[in-house]
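What follows is a set of notes on a single structure, which appears directly below.
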Amino acid sequence: MKVTFPHMGNQYVGTKVLLEEVGLDVIVPVDCSKETLNIGTKYSPESICLPLKINIGNFVESINEGANTIVMIGSCGPCRFGYYSILQNEILKEMGHEDVEIILLDAPQGNFKGLLDSIYKLTKTKNPYKIINALVKATRVLYQIDDLEDLMYYKRPRQKNIGEADLYYDELHKKIRGVRGYREVSRLIKETKEKILRIEEDPGREVLRVGLIGEIYTILEPSVNVYIEKKLGEMGVEIEKSLRLSHWITEHLFLNPLNITMDSKIRKEAKPYLKTMIGGHARETIGYGIHYAKRGFDGLIQVYPFTCMPEIVAQSIMPQVEKEYDIPYLCLIVDEMTGEAGFNTRLEAFVDLLGKRKEMKVS
Amino acid sequence: MKNCYLGIDVGSVSTNVVLMDDNNNIMGKVYTKTQGKPIDAIQRGMKEIKTAIKEEIKVKGVGTTGSGRQLAAMIVGADVVKNEITAHGIAALNFVDGVRTILEIGGQDSKIILLKNNVISDFAMNTVCAAGTGSFLDRQASRLDIAIQDFGKMALLSKNPVRIAGRCAVFAESDMIHKQQLGHNQEDIIKGLCDALVRNFLNNLGKGKEIVGPIVFQGGVAANVGIKQSFEEALGQEVLVPPHHDVMGAIGCCLLAREHAAKGHLTEFKGFDIINSGYNVKGIECQDCANLCEVIEIVQDGQIMARWGDKCGKWNSLVKKKEKLA
Ligand code: SF4
Chain P
1 MKVTFPHMGN
11 QYVGTKVLLE
21 EVGLDVIVPV
31 DCSKETLNIG
41 TKYSPESICL
51 PLKINIGNFV
61 ESINEGANTI
71 VMIGSCGPCR
81 FGYYSILQNE
91 ILKEMGHEDV
101 EIILLDAPQG
111 NFKGLLDSIY
121 KLTKTKNPYK
131 IINALVKATR
141 VLYQIDDLED
151 LMYYKRPRQK
161 NIGEADLYYD
171 ELHKKIRGVR
181 GYREVSRLIK
191 ETKEKILRIE
201 EDPGREVLRV
211 GLIGEIYTIL
221 EPSVNVYIEK
231 KLGEMGVEIE
241 KSLRLSHWIT
251 EHLFLNPLNI
261 TMDSKIRKEA
271 KPYLKTMIGG
281 HARETIGYGI
291 HYAKRGFDGL
301 IQVYPFTCMP
311 EIVAQSIMPQ
321 VEKEYDIPYL
331 CLIVDEMTGE
341 AGFNTRLEAF
351 VDLLGKRKEM
361 KVS
Chain Z
1 MKNCYLGIDV
11 GSVSTNVVLM
21 DDNNNIMGKV
31 YTKTQGKPID
41 AIQRGMKEIK
51 TAIKEEIKVK
61 GVGTTGSGRQ
71 LAAMIVGADV
81 VKNEITAHGI
91 AALNFVDGVR
101 TILEIGGQDS
111 KIILLKNNVI
121 SDFAMNTVCA
131 AGTGSFLDRQ
141 ASRLDIAIQD
151 FGKMALLSKN
161 PVRIAGRCAV
171 FAESDMIHKQ
181 QLGHNQEDII
191 KGLCDALVRN
201 FLNNLGKGKE
211 IVGPIVFQGG
221 VAANVGIKQS
231 FEEALGQEVL
241 VPPHHDVMGA
251 IGCCLLAREH
261 AAKGHLTEFK
271 GFDIINSGYN
281 VKGIECQDCA
291 NLCEVIEIVQ
301 DGQIMARWGD
311 KCGKWNSLVK
321 KKEKLA
């Protein structure tokens, strides 16, 4: 059995470790590229949101490399992600990949049993210690990689030689593919972190702070948000993301049952504007927007895939937040037609605007 | 010898070149179609400017903008490279001090820029819909068999404008054909189209934004008196159109370049000779990793000048290293 899974930013590091630690053969899909999207666009319904198209591309590229099993996470929300796995199953069948098995890991709503059952099926062992051990290690590695990403957010706008931090960072991702298991991956991350920490900074840089909000997939996967974090970083902007995977796991696996989550705080922030769950991360988008504004960020950028329903709702609310909290807000919508030039223009103009505002406040 | 500044705006539809003197007078301006060949357009524009100017000039600074700004900067040697929004904002401020709203409609793009205390405070650009842009109007004009220059004037003659669905270009077009078949006269249809375009613009870009005067209307479409009037009716305010409304991006670049030079920076300008150089642009697909980046290579007279488009920086830095060696 050769297992693969769809990409979503750095998630692959954790998933790879998880599957390898339970003893599976893993095929990490090649990095999302234009070709990935081309394949996905060709075989998916046109009006479906972008992440599904990329997923399909990932699957096909991995199948071509020999994968015969796909692990997917499910969802219970009312947005279209809820039926991704079903639709993807159909699409793959139609393409003639009947022999490829899809195993669905449903987000555990406070109970681990369903999740464990799927994992049993996948690993064909019933040894819970092995599985829990692997889960713990995967979570740990996710924290490490997210931690490294934070460092990247910090370094990019401050590094003396623009682009240096990303050299090490890209190298890390190349190396991770070549090693196996928690120990090796974790060691690589640590090494890279040390290198990046040592990068020389330019103390004279004016750094702006921007909160990145929006749909989780587009925030996390750099190939679909047109490398926004790198671009912003190199324009002198430090970012913070409203959603991250390590955080998501802690919330959903450990804290949610105890009801002490950060999310509930964020939801409270969003409440005056949006009272109920409408699927996706609309409440988080609004809530974090407010959270960042209160913390004195210079601006907010929302990114979401074209036709994403919850985010459209959030977008229509954001101008109110923008006004009430006096924080500039920019919305970027991506799909397979996204032109990089227009994207860059908007980002650059927005950063210009933030810079001028800050200047005026200071003087 | 007169000091002056060069501004170049390379858009997907048109390329504009403006030469401005120290007193902000426009000494020359060229508006030419890009037609998918930005380098030709830049060379053509520079050449026309050069031949039109008879005095001795000294270029003290160069600015570029538009979607082809990087390319243009590389070729002419620019000192300032700026996005269209900032460039347009600066140009409008120079035209009306204290301007609060800029409506800009070009060939492919339209935007709205809001200012407060002479600083850009908000902006929006059209994302998916083309019903609010110049090329849409061009197409409808040719469908009605009317020269685009006469289009606006005809709208002013309308007594009974028809209402045309303007939510998106596809609807607008089919609705217009429908109204034509119903037998409405041309003036009324054209006026309806102008209204629809303005409605689309304000709904798409102006949503939730407070539109305060003074309002400046610029971009190629600002020449269209029909659209101007529709804006004035919809907003209930006077809308000002600057004399060089079609090249405001390039003018903004001149102003930015002037500011840059005033700070004591010497120009990188490569001179007008570049119009005689032969340029080649090659697209190569890098096979080194799954990104399969389309790397663009600019070759001037057989020598590689620049490369970009790679995600990893490998090709980019190749050139940089060479520069250092030389
Ligand atoms: S240029 Fe770099 S990122 Fe792009 S395909 Fe080549 S190796 Fe990959």
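So the protein lines, in turn, are chains P and Z.
Just so we're aligned: 322 in full-length UniProt numbering is position 322 of the first sequence, and the numbers increase by one with no gaps anywhere.
Just so we're aligned: 112 in full-length UniProt numbering is position 112 of the second sequence, and the numbers increase by one with no gaps anywhere.
No residue lacks a Cβ here, since even glycine has one placed at the ideal position from N, Cα and C.
Checklist entry - Name the chain A residues whose beta carbon is nearer than 7 Å to that of ASP170(P)? => result The structure shown contains no chain A; its protein chains are P and Z.
Next on the checklist: Mapping the DSSP letters down to three states, classify LYS60(Z) as helix, strand or coil.
Outcome noted: The residue labelled residue 60(Z) in the question sits at position 60 within the second sequence. DSSP places LYS60(Z) in strand when its eight states are reduced to three.
Checklist entry - Taking contact to mean at least 3 C-beta pairs separated by less than 8 Å, is the segment 122 to 134 of chain P in contact with the segment 156 to 165 of chain P? => result no
Item to check | Own chain partners of ASP335(P) with C-beta closer than 7 Å, once the 5 adjacent residues on each side are dropped | outcome: Your numbering for residue 335(P) matches position 335 in the first sequence. Counting only Cβ-Cβ distances below 7 Å, and skipping sequence neighbours, we find LEU50, PRO305 and PHE306.
Checklist entry - Mind pulling the chain Z residues with CB within less than 9 Å of MET8(P)? => result Indexing the first sequence from 1 puts residue 8(P) at position 8. By Cβ distance, chain Z contributes nothing, its closest Cβ being about 17 Å from MET8(P), past 9 Å.
Item to check | Exposure of SER316(P), with buried meaning 16 or more beta-carbon neighbours within 10 Å | outcome: If you number the first sequence from 1, residue 316(P) lands on position 316. SER316(P) should be labelled exposed.
Checklist entry - Quick one: does GLU84(Z) have its CB under 8 Å from some CB of chain P? => result Sequence index remark: in the second sequence, residue 84(Z) carries index 84 (1-based). Yes - at least one Cβ of chain P is within 8 Å of the one on GLU84(Z).
Next on the checklist: Using a Cβ-Cβ distance cut-off of 8 Å, determine whether SER67(Z) contacts chain P.
Outcome noted: Within the second sequence, numbered from 1, the residue matching residue 67(Z) stands at position 67. For SER67(Z), the answer is yes, since a Cβ of chain P falls inside 8 Å of its Cβ.
Item to check | Length of the line joining the Cα atoms of LYS2(P) and GLU294(Z) | outcome: To locate residue 2(P), count along the first sequence from 1; it is residue 2. To locate residue 294(Z), count along the second sequence from 1; it is residue 294. If I take the Cα positions, the gap works out to 32 Å.
Checklist entry - Does any CB atom of chain Z fall closer than 8 Å to the CB of LYS356(P)? => result Reading the first sequence from its first residue, position 356 is the one you call residue 356(P). With 8 Å as the cut-off, LYS356(P) counts as an interface residue toward chain Z.
Next on the checklist: I'd like to know if the segment 86 to 100 of chain P and the segment 54 to 69 of chain P are in contact, where contact means that at least 3 CB-CB pairs between them fall below 8 Å.
Outcome noted: yes
Checklist entry - At a CB-CB cut-off below 9 Å, which residues of chain P make contact with PHE123(Z)? => result Position 123 of the second sequence holds residue 123(Z). LEU330, ARG346, ALA349, PHE350 and LEU353, listed in chain order.
Checklist entry - Along chain P, which residues have their Cβ under 8 Å away from the Cβ of ILE120(Z)? => result The residue labelled residue 120(Z) in the question sits at position 120 within the second sequence. Neighbours of ILE120(Z) on chain P, chain order: ALA349, ASP352, LEU353 and LYS356.
Checklist entry - Are any of the Cβ atoms in chain Z nearer than 8 Å to that of PRO157(P)? => result In the first sequence, residue 157(P) corresponds to position 157, counting from 1. Answer no: the Cβ-Cβ gap between PRO157(P) and chain Z never drops below 8 Å.
Item to check | Test: LEU292(Z) CB closer than 8 Å to a CB of chain P | outcome: Along the second sequence, one-based indexing puts residue 292(Z) at 292. Put simply, the CB of LEU292(Z) is near chain P, with a gap under 8 Å to one of its CB atoms.
Checklist entry - Using Cβ-Cβ distances below 9 Å, what residues of the segment 204 to 220 of chain Z are close to chain P? => result LYS207, GLY208 and LYS209
Next on the checklist: Please tell me whether PRO319(P) has its Cβ less than 8 Å away from any Cβ of chain Z.
Outcome noted: For this step, residue 319(P) is matched to residue 319 along the first sequence. At least one chain Z Cβ lies under 8 Å of PRO319(P).
Checklist entry - Is SER14(Z) close to chain P, meaning its C-beta is less than 8 Å from at least one C-beta of that chain? => result Start at 1 with the first residue of the second sequence, and residue 14(Z) comes out as number 14. No, its Cβ sits nowhere closer than 8 Å to a Cβ of chain P.
Checklist entry - Hey, quick one: how far does the beta strand (DSSP E) through GLY289(P) stretch, first residue to last? => result Here residue 289(P) refers to the residue found at position 289 when the first sequence is read from its first residue. Taken as a continuous stretch (DSSP letters only), GLY289(P) belongs to no beta strand (DSSP E), being part of the alpha helix (DSSP H) at 282 to 294.
Checklist entry - So which residues of chain Z does MET360(P) contact, with C-beta pairs closer than 8 Å? => result As a first step, residue 360(P) is located in the first sequence; it is residue number 360 there, counting from the start. What MET360(P) touches in chain Z, judged by beta-carbon distance under 8 Å, is ASN117 and VAL119, going in chain order.
Checklist entry - chain Z partners of LYS34(P), CB-CB under 9 Å? => result Indexing the first sequence from 1 puts residue 34(P) at position 34. Ordered by position in chain Z, the residues that pass the 9 Å Cβ test against LYS34(P) are ASN291, LEU292, CYS293 and GLU294.
Checklist entry - When you compare only the Cα positions, how much space is there between CYS194(Z) and ASN204(Z)? => result Counting from 1 along the second sequence, the entry for residue 194(Z) is found at position 194. Counting from 1 along the second sequence, the entry for residue 204(Z) is found at position 204. Rounded to the nearest angstrom, the two C-alpha atoms are 15 Å apart.
Checklist entry - Taking only beta-carbon atoms, is ALA341(P) less than 8 Å away from chain Z? => result Within the first sequence, the letter at position 341 stands for residue 341(P). With 8 Å as the cut-off, ALA341(P) counts as an interface residue toward chain Z.
Next on the checklist: Under 8 Å: do the segment 217 to 234 of chain P and the segment 31 to 50 of chain P share three or more Cβ pairs, one atom per stretch?
Outcome noted: yes
Next on the checklist: By alpha-carbon positions, which one of MET46(Z), ILE75(Z) and GLN229(Z) ends up nearest to LEU157(Z)?
Outcome noted: Against the second sequence, residue 157(Z) aligns to sequence position 157. It is GLN229(Z) whose Cα lies nearest to the Cα of LEU157(Z).
Checklist entry - Of all the options LEU332(P), GLY233(P), LYS271(P) and LEU274(P), which has the alpha carbon lying nearest to the alpha carbon of ILE213(P)? => result Residue numbering aside, residue 213(P) sits at position 213 when the first sequence is read from its first letter. When only C-alpha atoms are compared, the closest one is LEU332(P).
Checklist entry - Who are the near neighbours of LYS209(Z) in its chain, counting only those whose CB is closer than 8 Å to its CB and skipping five residues on each side? => result Residue mapping note: residue 209(Z) aligns to position 209 of the second sequence, counting from 1. Only ILE112, LEU114, ASP122 and ALA124 meet the Cβ criterion.
Checklist entry - What did DSSP end up calling GLU20(P) once you bin it into helix, strand or coil? => result Start at 1 with the first residue of the first sequence, and residue 20(P) comes out as number 20. In the structure shown, GLU20(P) sits in a helix (DSSP, three-state: H, G or I).
Next on the checklist: Assuming contact is defined by CB atoms lying nearer than 8 Å, are GLY66(P) and ILE54(P) in contact in what I supplied?
Outcome noted: Counting from one through the first sequence, the residue named residue 66(P) turns up at place 66. Counting from one through the first sequence, the residue named residue 54(P) turns up at place 54. It is not a contact, given that the beta carbons lie outside the stated cut-off.
Item to check | Buried/exposed call for ASN10(P), threshold 16 Cβ in 10 Å | outcome: As a working mapping, residue 10(P) is identified with position 10 in the first sequence. ASN10(P) comes out buried.
Checklist entry - For GLY11(Z) versus GLY66(Z), is the C-beta distance shorter than 8 Å? => result Here residue 11(Z) is taken as the residue at index 11 of the second sequence, counted from 1. Here residue 66(Z) is taken as the residue at index 66 of the second sequence, counted from 1. Yes; because the gap between Cβ atoms is below 8 Å, this pair is in contact.
Checklist entry - Could you give the residue range of the beta strand (DSSP E) that holds ASN24(Z)? => result As a working mapping, residue 24(Z) is identified with position 24 in the second sequence. Per DSSP, ASN24(Z) belongs to no beta strand (DSSP E) and is neither H nor E.
Item to check | Whole-number beta carbon distance between GLY249(Z) and GLU84(Z), since they are thought to touch under 8 Å | outcome: Mapped onto the second sequence, residue 84(Z) falls at position 84. Mapped onto the second sequence, residue 249(Z) falls at position 249. Their Cβ separation, rounded to whole angstroms, is 6 Å, which keeps GLU84(Z) and GLY249(Z) in contact under 8 Å.
Next on the checklist: Going by DSSP in three states, ALA306(Z) sits in which element: helix, strand or coil?
Outcome noted: For this step, residue 306(Z) is matched to residue 306 along the second sequence. Strand.
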